[in-house]
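Chains as they are written, first to last, in full-length UniProt numbering: chain A, 1 to 906; chain B, 1 to 537. Every residue gets a Cβ at the ideal spot worked out from N, C-alpha and C, and that includes glycine. Since the structure comes first, as structure tokens, the remarks are kept for the end.
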Amino acid sequence: MGEVRQKKMQEKGKRSNNRKDSKVFQKKNKGNDKRRHNRGGPRLAPSLQREVNQMKGDDNEVSDFDEGDTFAGDVYEYEEAVPEEESRKNRRYDTVDNYDYKLPDDFKDEDVFSDDEEDTDERDGKRNLIEDSDDADPKNDDDGSHARMLQSITGMPREAFEGKKKNNVVISEAYQESEYNPSRDVLDGNGRISIDDLLDPLQGKPGYSMLRKRTHQTEKKSMALQAPLPKADLQRVERKVAYEQSKKEVSKWEPIVKKNREAPTLYLGQEVDLGYSTVGAIASEFEPRTEIEKKIASLVHDGQIMEAHRKDGSKLLELNKVSFEDEKDRQNRIAKMRSLLFRHETKAKHIKKIKSKTYHRLLKKDRVKGASAHIEMDPDAAKELAMKQEFKRAEERMTLKHKNSSQWAKRILSRGLDAQDEGTRAAIAEQLHQHATLTRKMNTLKDSSSGSSSGSSSDESSDEEYSDDQTEDNNHSKASKLLKRAKDKTLKALEDGDEAPNSGLLALPFMVRGMKKREEAAAEEAKLAIQEFELLSKQLNNSETENIKTETTSGRRTFGGMKKSAPEPRKKTKPEYYGDTDDEDDTETREGVEDAGDDKNSSLIVDENIGSDILGADSKRHQSSVFKSFDETVRDPGPKTTYEVAIFASDTWKKAKNLEKKVDSTSTATASKPALQGQVPKETVQDVDDQNDSDHELMVEGVLSSANNEAYELPSQAELIHQAFAGDNVEEEFERQKEEILNEENPEPEKPVLLPGWGQWTNVQKKKGLPSWMLEEHDRANKKRQEVLKNRKDANLKHVIISEKLDKKAEKLYTKTLPFPYTTKEVFEQSIRMPIGPDFNPTSAIGALNRPEVVKKSGVIIKPIEFKEVDTQRKVEEHKQSGQKQKRKKSKTNNGKSVKKMKAWA
Amino acid sequence: MEEELGNPVAERILPPAEQEVSNEEDAKIKKYLRGEGANLEVLKDKKLKGQLSVIEDLYGKSAKAAAKVEKWLLPSEGGYLEAEGLEKTWRIRQETISHEVDILSRRNQHDIILPALGPYSLDYTLNGRYMAIAGRKGHLALVDMKDLNLIKEFQVKETVRDVVFLHNELFFAAAQKKYPYIYNRDGTELHCLKEHGSVLRLQFLKNHFLLASINKFGQLHYQDVTTGSMAGVFRTGLGRTDVMQVNPFNGVIATGHSGGSVVMWKPTSSSPLVKMLCHQGPVSALAFHPNGHLMATSGCERKIKLWDLRKFEVLQTLPGHAKTLDFSQKGLLACGTGSYVQILGDLAGSQNYTRYMSHSIVKGYQIGKILFRPYEDVLGIGHSMGWSSILIPGSGEPNFDTWVANPFETSKQRREKEVRSLLDKLPPETIALNPSKIGTVMAVKKKEKKTKKEREAEEESAIDAAKSITMKKKTKGRNKPTKREKKKREIFDKSKKPFLQEQIKEEEELSRKRPRLGEEVELPKSLQRFARKKTAT
């Protein structure tokens, strides 16, 4: 029993071996055909090959019914020829007992204890046919065993098989005999077992009828296997299959590629996630790794520390708060300083560059002067200067530099001063003088200062006065002195002011009046000034006697208040003065507005700004009018003119005007207002409120005739003549012009001419006239010209000439040839008819109109197309949708659907 | 089956109101589609077909969006005077209008009397906010029309014939006695354009930044105000005129002349684009409709004509004279003569202009120039005694596009706009009768052959030139007369050579073109039987 099991196992192993590897050498008993083929044909990709194999397997399944469905791998055609030594066809070779790859003879299977012999036998036989029998005896001859087998299978007596014994030739088989590898003689037919034979014993068992039916069917259908094709054909077939296969493979990409091709815009790399978009995102991912990082992290994330920091930090921030104004101030200050510095620097640089010595000398002089002025003001500077001078003096005393001790001076003196010229003598004298000044004792200076303080009020002394040791007393005395002097002067001015000119412009009454007013104001001001001075001096005295500050402040206060009030009248005085003159003007010229005032106005408008100021002030008075500003513009005086203004746009205005009239009659008014007033009643021509026409016209004739006479000018003689004869022969003229232009643009063909001397030897040519070809050519040219003329745009327009000259500069704005894909001009022109710029389209449409062919994020790597199964219906839909939607859909399909994806480098 | 057929019909029938709306929208969409799309059925190229269909689709969407924008975002509708019963619109007076309108509009009715400095001409900025006025006797002023505020006023003390704003209110040009000058809004003289001479009329081409002028001698000057270069100087050759107007649609300048002709010019060619005989008498005024298809001219023979510029035909001839003409943005035509202004309009939209309004200013005032104020229903009248402004309902465009012209422009916007408009500046070549044709195919015409005479003349001159070359006196051995002669001969031949070559080439071409005698010339019938039969090969 154990033996049997083992056999079966072996068989199974073999079978499975066969199944697995189709390349194993096999010998087929079928048909005894030894023709086997090497595998050939194009080398295919493994996947393809697999496919091909599968297909072949299918074919064989149909045809090789006897091999059974399960044994798909055992394909007939693709077996390699068995080497002759193995096939043992003619036994030219010695048999090899054992191959290297076989197990050694003495190999023992552990489990096996009785089948030793058989195993060796099998291996000895080198895939010989070994009778598959249950016999334990290996020495049994074939016949016996075979007969026995048959007997056992069929259940027939042994004798039935005896006869065939002699025919049995020992044929080595590669495989054990089995139902899949039937022995040769079984297939030959003699003493064969038919399937019926095999089925008979099964009769009556369940499923028998079905089995028989099937066998019958297979028998009926049986057909012979065809001979394998020649190699070339086979390869061709293979190639064809391969082509079909690859075509299929490629064509599945077609819709995708087509879609991409047809899409107006391709979106590449849209679904790529760039990962972190912000620094914060990157930081949030940070994990401390090294020790120090961990330490820091522990500190950073420590709640206590954080809280402490937060509190502290907020405080700090509070401290940092600076008000907007402060900051602005600071900035302004800094900016100012910087600009000042810069300017100063540039100035210094510039001055430094100046090479002129005289300039520098003058500059130095200035500086010294400035310094002296400075000294007066600043005690420190004065002290410094004194120190300097002292130093200089000391130096001089030490060195006696200027006491004719230099070589030059010595030489000059040795020669004798009389022998020298003026300049040298002067120089020597100068030097000596310098020495004298430098060595002069200090007390002289002190004397002068004390002298000045003693109180010389004359102007000359005041110029000189300066002190190097300035005490407070001195200061006070100086200030008081100044005040006193100012007071004196103002008083004097007041007294003087009464003088007035008796003749000329200023003698006119209004001028006089104006002057008076001004004087009054001035006097008032002077009074104020005097008061001020007094107060100041008082204050000074107070400070001298070290009185309380309150008094001074009160004094200040009054001073401040006075000052405020003081300039105001001054401002007003001027305009009023002018205003007065104007008023005067107008009262005089109220009857004839035009004549008067011209000369006065010219003087009047010396100061335009002031004039406008007045006007501004005046316009404030009648704020009821809406046209305040407009009013101003009109009244703004220009030179040599007076304006009448009539603005009657609304009722309110009119009312306002009426009010003004009353006001004007009593009070002073501006320059233009009286003029206005004078004109108003007469010029209401344009008044919109006026209803009836007759009224209207009357008024027109009333006033403005004079102005009209001025405006209307007779046309000049030349103009009149021109106009009179203008339309005389316009049409003929124009036609002539047209003809000319036509001739210019499409010149008439040249008339045929004979070359002088040609054909004139005899009279024949003359009589014949021009040769016919010449005439023909001329005719043709003429016809062509007529055609062109007929095609002109202005051919049917008698009074129009439209130039057909080509503008070379404009040529570049047109396309010379149709651009490529277009074949007709119309289609091209219609396709470009719409402007696509942002000026001509709503914003919602511009994007789509101007979207580039490929939209891609910069820096994103474009991946190869991914294969997705796209059904054609949906593709069409997608195509119709706009680019935006397409994009969305694309991403959706990517996310949502699990599609069969493949990559290809397409 | 029947149901299926029935359904679309039901869909098509809409309630009347909706239908009207849809019709309106359709009309607008059609307007924005700017013509019809290409017929794609005819195309054989599938790829092109696909591309074009996509593009057409986009165009359609854009047009639809634009129509919707117009419907919802441009709500102000322009109105006009409508008379009831026996009333006539031209009987309605300014006073009656002033009673009806709001205060702001009422402010637009005013007369400014400035008698001293003579007839005034005026100009508005593109956005209608500012006005420049120029008195004949040298008075120049800039007025902000929104608050009627005088910005600047000055006196140039010489004749000023015309004033025109440049691209914005910052600059304006004035045609003065000898030269035109450019001033800024502060009245500072920036440029003196001496090349223009004493100019009678100025015009500014806003898209091209060209200042065009016509001077006393009938010379037309174009100057680029951005670079200062002269874009073109042409002699009209038709005498002195002060009738010049720019066509806002295409930038073509038209001048009216004493011969009754209107001539249209562009800066890149010295020959006029179009010359048309409009009137028998001298042309006194000229105006273009903003859409560029309509031109109004008035002649001294007391006729006002309206021309269709697409066909160059008269649309309408009206009796009357106009010293000055102007079209408003909405297409009203104002004619001013003497002291009377008449406004014509085609309110029915049938290109038939009828009397719409009229207004007479004070008798004796001579109207110099009338100009509609953009984006306002206002007509400015410059006359001999100052200027006035009246209300003409329905004249101005009610909706303004702030990108094009913004009456409420801030200075920052103005600056931005200046830069943008400079970037969008069109080169002078783009001025053409039909600028929408730019970009289309224009086959280059073959170079025309020179006529025989010209060729001969050229040859002769070349030979003469060759002959007149004086030979250098060379050193001893090389100065032999034979050598000199040889050299001379050589030069002579060389000069002749190109002409001969050309001639040969031409002859060859001719012979190639000319039908061969043996093949096509038919023999007389009697001789045909002798003709050699063509050998059938």
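Contacts around residue i, its chain only, beta-carbon distance under 8 Å, and the 5 residues preceding and following it disregarded
{"i": "alanine 409 (chain A)", "result": "Ile428 and Gln431"}
{"i": "lysine 431 (chain B)", "result": "Here residue 431 (chain B) is isoleucine; the residue named in the question, lysine, does not match the sequence. Excluding sequence neighbours, isoleucine 431 (chain B) sits near Leu205, His208, Asn250, Gly251, Val252, Lys266, Pro267 and Thr268."}
{"i": "glutamine 217 (chain A)", "result": "none"}
{"i": "valine 101 (chain B)", "result": "Leu391"}
Rounded C-alpha distance that separates residue i from residue j
{"i": "phenylalanine 391 (chain A)", "j": "methionine 398 (chain A)", "result": "10 Å"}
{"i": "alanine 781 (chain A)", "j": "lysine 751 (chain A)", "result": "10 Å"}
{"i": "serine 421 (chain B)", "j": "leucine 273 (chain B)", "result": "27 Å"}
{"i": "aspartate 233 (chain A)", "j": "valine 250 (chain A)", "result": "25 Å"}
{"i": "alanine 27 (chain B)", "j": "asparagine 39 (chain B)", "result": "20 Å"}
{"i": "histidine 350 (chain A)", "j": "threonine 188 (chain B)", "result": "33 Å"}
{"i": "glycine 260 (chain B)", "j": "alanine 285 (chain B)", "result": "11 Å"}
{"i": "proline 288 (chain A)", "j": "isoleucine 305 (chain A)", "result": "18 Å"}
{"i": "arginine 440 (chain A)", "j": "glutamate 395 (chain A)", "result": "13 Å"}
{"i": "isoleucine 151 (chain B)", "j": "lysine 88 (chain B)", "result": "40 Å"}
{"i": "alanine 116 (chain B)", "j": "aspartate 147 (chain B)", "result": "25 Å"}
Segment limits, alpha helix (DSSP H) that includes residue i
{"i": "alanine 281 (chain A)", "result": "279-284"}
{"i": "glutamine 431 (chain A)", "result": "422-439"}
{"i": "tryptophan 307 (chain B)", "result": "Element bounds for tryptophan 307 (chain B): not the alpha helix (DSSP H) but the beta strand (DSSP E), 303-308."}
{"i": "tryptophan 253 (chain A)", "result": "First-last for tryptophan 253 (chain A): undefined, no H or E at that position."}
{"i": "methionine 337 (chain A)", "result": "324-353"}
{"i": "valine 69 (chain B)", "result": "46-73"}
{"i": "proline 379 (chain A)", "result": "379-399"}
Other residues of its chain near residue i: CB distance less than 6 Å, five sequence neighbours each side excluded
{"i": "residue 538 (chain B)", "result": "Given that chain B is displayed from residue 1 to residue 537, the structure contains no residue 538 (chain B) and the question cannot be resolved."}
{"i": "proline 435 (chain B)", "result": "Asn250"}
{"i": "serine 76 (chain B)", "result": "Pro398 and Asn399"}
Beta-carbon contacts of residue i that lie in its chain and below 7 Å, excluding the five residues immediately before and after
{"i": "arginine 785 (chain A)", "result": "Asn746, Glu748 and Pro749"}
{"i": "leucine 170 (chain B)", "result": "Asn184 and Arg185"}
{"i": "arginine 355 (chain B)", "result": "Trp90, Gln342 and Leu344"}
Chain B residues whose Cβ lies nearer than 7 Å to that of residue i
{"i": "leucine 849 (chain A)", "result": "Leu58 and Ser62"}
Partners in chain A for residue i, counting only beta-carbon separations shorter than 7 Å
{"i": "alanine 432 (chain B)", "result": "Ala810"}
{"i": "serine 468 (chain B)", "result": "In chain order: nothing, as chain A lies at least about 26 Å away."}
{"i": "glutamine 503 (chain B)", "result": "What glutamine 503 (chain B) touches in chain A: nothing, since even the nearest Cβ is about 14 Å away."}
Opening and closing residue of the beta strand (DSSP E) in which residue i lies
{"i": "threonine 255 (chain B)", "result": "253-256"}
{"i": "glycine 382 (chain B)", "result": "378-383"}
{"i": "lysine 816 (chain A)", "result": "Careful: lysine 816 (chain A) lies outside any beta strand (DSSP E) and carries neither H nor E."}
{"i": "glutamine 503 (chain B)", "result": "Element bounds for glutamine 503 (chain B): not the beta strand (DSSP E) but the alpha helix (DSSP H), 481-513."}
{"i": "glutamine 528 (chain B)", "result": "Note, glutamine 528 (chain B): premise wrong, no beta strand (DSSP E); alpha helix (DSSP H) at 525-528."}
{"i": "glutamate 152 (chain B)", "result": "According to the sequence as given, residue 152 (chain B) is lysine; it is not glutamate. Residues 149-155."}
{"i": "tryptophan 265 (chain B)", "result": "261-265"}
Cross-chain neighbours of residue i in chain A, by beta carbon under 9 Å
{"i": "glutamate 429 (chain B)", "result": "Asp807, Lys809, Ala810, Glu811, Lys812 and Leu813"}
Neighbour list for residue i in chain A, Cβ cutoff strictly below 8 Å
{"i": "serine 261 (chain B)", "result": "Val730 and Phe734"}
{"i": "glycine 380 (chain B)", "result": "Ordered by position in chain A, no residue passes the 8 Å Cβ test against glycine 380 (chain B), which lies about 15 Å from the chain."}
{"i": "isoleucine 367 (chain B)", "result": "Chain A residues near isoleucine 367 (chain B): none, gap ~11 Å exceeds 8 Å."}
{"i": "valine 441 (chain B)", "result": "Tyr814, Thr815, Lys816, Thr817, Leu818, Lys825, Phe828 and Glu829"}
Bridge-paired residues (DSSP) for residue i
{"i": "leucine 114 (chain B)", "result": "Leucine 114 (chain B) pairs with nothing; no bridge assigned."}
Under 8 Å from the C-beta of residue i: neighbouring residues of chain B
{"i": "glutamine 830 (chain A)", "result": "Gly35, Glu36, Gly37 and Ala38"}
Amino acids of chain B, ordered along the chain, whose beta-carbon sits closer than 9 Å to that of residue i
{"i": "valine 800 (chain A)", "result": "Val274, Lys275, Met276, Leu277, Phe312 and Glu313"}
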